[in-house]
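Only one structure is covered here, and it is reproduced in the block below.
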Amino acid sequence: MREVSGDIYDIIEISDTRTAFFLADATGHGVSAALITSIIHYNVENIMKETVNPAHIFNRLSDNLFETLQGTFFATGIFILFEKEGGYAYFCSAGHNPIYYYRKEQNKIVVLESTGFVLGIGIPDEYSVLKIKTSPGDKILVYTDGVLDAANEKTTEPFGDDRLLSAFQKYATLPTTELTEKLREEIHSYANVFPDDVTFGILEIT
Numbered sequence: 001m002r003e004v005s006g007d008i009y010d011i012i013e014i015s016d017t018r019t020a021f022f023l024a025d026a027t028g029h030g031v032s033a034a035l036i037t038s039i040i041h042y043n044v045e046n047i048m049k050e051t052v053n054p055a056h057i058f059n060r061l062s063d064n065l066f067e068t069l070q071g072t073f074f075a076t077g078i079f080i081l082f083e084k085e086g087g088y089a090y091f092c093s094a095g096h097n098p099i100y101y102y103r104k105e106q107n108k109i110v111v112l113e114s115t116g117f118v119l120g121i122g123i124p125d126e127y128s129v130l131k132i133k134t135s136p137g138d139k140i141l142v143y144t145d146g147v148l149d150a151a152n153e154k155t156t157e158p159f160g161d162d163r164l165l166s167a168f169q170k171y172a173t174l175p176t177t178e179l180t181e182k183l184r185e186e187i188h189s190y191a192n193v194f195p196d197d198v199t200f201g202i203l204e205i206t
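UniProt numbering puts the sequence shown at residues 1 to 206.
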């Protein structure tokens with residue numbers, strides 16, 4: 001697990017044919033970001049010993065977090081389970097920002113919306129999973145809202161969804177390392193005020 005203050009993410013090799021990606025963005029009052037991310041880390045590791053179903057993981061994680069912290073914080077998050085056999089990804093989002101999926105064969109971007117409430121607020125609602133057919137060369141842009149909130153000091157206007165999507169569309173065909181650097185350049189050439197942690201990355205299907 002990698003932690004950037006209130007952001008936490010990890011790539012988990014479950015087996016030779018299964019890989020998972022997890023990302024969460026925590027916000028709270030009276031609880032340090034370090035404590036929140038540690039609690040999330042501990043819970044995800046333990047829950048994954050019993051299940052790798054993204055919806056089941058988020059159902060239990062949300063319940064555990066509310067029981068532990070009594071609604072003093074919440075977190076958005078995404079969990080994606082990749083299966084090489086058959087070529088599928090199973091996507092679950094807990095109130096997170098839309099995730100952008102680039103389909104190489106069609107040269108188009110699909111928007112993956114949230115499939116449930118934010119984590120840790122005590123709402124007894126079941127999360128759902130979106131099953132996605134994957135192909136080699138497809139790319140997924142994952143990020144936290146610190147990217148969207150990054151602002152220009154002169155205009156005070158945030159970078160926002162439209163600029164992020166436009167930049168991804170512009171550079172999606174580039175190799176992953178180059179694409180990541182181009183997105184970083186787009187963000188930092190526009191924004192000079194960063195009120196939140198800026199975490200983003202590209203997941204490529206191989």
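Don't be surprised by glycine CBs; every beta carbon is placed ideally from N, CA and C.
Rounded Cβ spacing between G77 and A55 (contact assumed at less than 8 Å): 12 Å between Cβ atoms; not a contact.
D16 classed as buried or exposed, judged by whether at least 16 other C-beta atoms fall within 10 angstroms: exposed
Presumed contact (8 Å Cβ cut-off) between A75 and I40, rounded CB distance: 7 Å
8 Å contact criterion, which residue 230 and N46 should meet: CB distance rounded: No statement about residue 230 is possible, as the shown extent of the chain runs from 1 to 206 and does not include it.
Closest by C-alpha distance to D162, when choosing among F66, I99, F117: I99
Short Cβ contact (9 Å threshold) for I140 with E83: no
Simplified DSSP assignment, three categories, for G116: coil
Inter-residue Cα distance where the pair is G149 and I187: Before going further, note that residue 149 is Asp rather than Gly in the sequence given. Roughly 10 Å separates the two Cα atoms.
CB of L61 within 9 Å of CB of F91, strictly: no
First through last residue of the alpha helix (DSSP H) which encompasses K182: 176-190
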